[in-house]
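Trainee: In this note's numbering, the protein residues as written are 102 to 268. Sharing a structure, written as structure tokens. Questions coming.
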Amino acid sequence: MKLAFSQSDIITTAKSLGLPTDGFIQRRIARALDLVQSNKVDKIDDEIFRVHSQYEPNKHYIVNVNHGHPSCDCPDGKRTIWCKHQIAARLFAQKQPRFKICDDTENSYLGRGRWIVYDYAFRKGYVICRNSKGELECPCFKENCIHRKIVNDWIANNGKRIVNECG
Numbered sequence: 102m103k104l105a106f107s108q109s110d111i112i113t114t115a116k117s118l119g120l121p122t123d124g125f126i127q128r129r130i131a132r133a134l135d136l137v138q139s140n141k142v143d144k145i146d147d148e149i150f151r152v153h154s155q156y157e158p159n160k161h162y163i164v165n166v167n168h169g170h171p172s173c174d175c176p177d178g179k180r181t182i183w184c185k186h187q188i189a190a191r192l193f194a195q196k197q198p199r200f201k202i203c204d205d206t207e208n209s210y211l212g213r214g215r216w217i218v219y220d221y222a223f224r225k226g227y228v229i230c231r232n233s234k235g236e237l238e239c240p241c242f243k244e245n246c247i248h249r250k251i252v253n254d255w256i257a258n259n260g261k262r263i264v265n266e267c268g
């Protein structure tokens, strides 16, 4: 497999992840970049990723990023070495925008006082609306709902802020 990443790209990526820049890790970073660019990384949960095998079509590995202390169920990951799957999961998490917001000016069918917050991590949209008391409601029903926070920020900035938070 020939990978199309420059040495400079690989070293910059290593530094951005706080990884060493030696030749051993550079090969893993190049493969991880290939996994991300080939759409072989899926986010399952806030810290859980499925990384598809580069060589076996029906095989995948589960990576738990665990607040910066990742683990992977592949052979290299079990040896506590930074495997390409762990690196790919971290790269994927860094590059993905977490949310996009659409308001009633973009979608006339929503009606006034309604917003859609699309959560890329879970590939799901939430319709946020005001209740009779003027409070924002979200169908996720979490007390500290991130979707309501995003809409509040959107309103406070007159809809000018593009939401691009990393999960």
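Note that the Cβ used here is the ideal one computed from N, Cα and C, for glycine as well. No experiment lies behind these values; they were computed from the predicted model shown.
If you pair each beta-carbon of the region 141-160 with each one of the region 111-123, do three or more pairs fall below 8 Å?
Mentor: Judged by Cβ distances under 8 Å, the region 141-160 makes no contact with the region 111-123, as fewer than three pairs qualify.
Trainee: Nearest-angstrom Cα distance between residue 274 and residue 150?
Mentor: Summary: the structure shown does not reach residue 274, with the chain confined to residues 102 through 268, and so no result is reported for it.
Trainee: Could you give the distance in angstroms between the alpha-carbon of residue 246 and the alpha-carbon of residue 152?
Mentor: Using only the alpha carbons, I get a separation of about 28 Å.
Trainee: Taking the CB atoms as reference points, tell me whether residue 190 and residue 218 lie closer together than 7 Å.
Mentor: It is not a contact, given that the beta carbons lie outside the stated cut-off.
Trainee: By alpha-carbon positions, which one of 259, 135, 111, 136 ends up nearest to residue 125?
Mentor: The candidate whose alpha carbon is nearest that of residue 125 is 111.
Trainee: Considering only the alpha carbon of each residue, which of 109, 134, 253, 176 lies closest to residue 202?
Mentor: Checking every option, the nearest Cα to that of residue 202 belongs to 253.
Trainee: Would residue 129 be called buried (16 or more neighbouring beta carbons within 10 Å of its own) or exposed?
Mentor: So residue 129 ends up on the buried side.
Trainee: Using 10 angstroms around the beta-carbon of residue 178, count the other beta-carbons present and answer buried if the total reaches 16, otherwise exposed.
Mentor: So residue 178 counts as buried.
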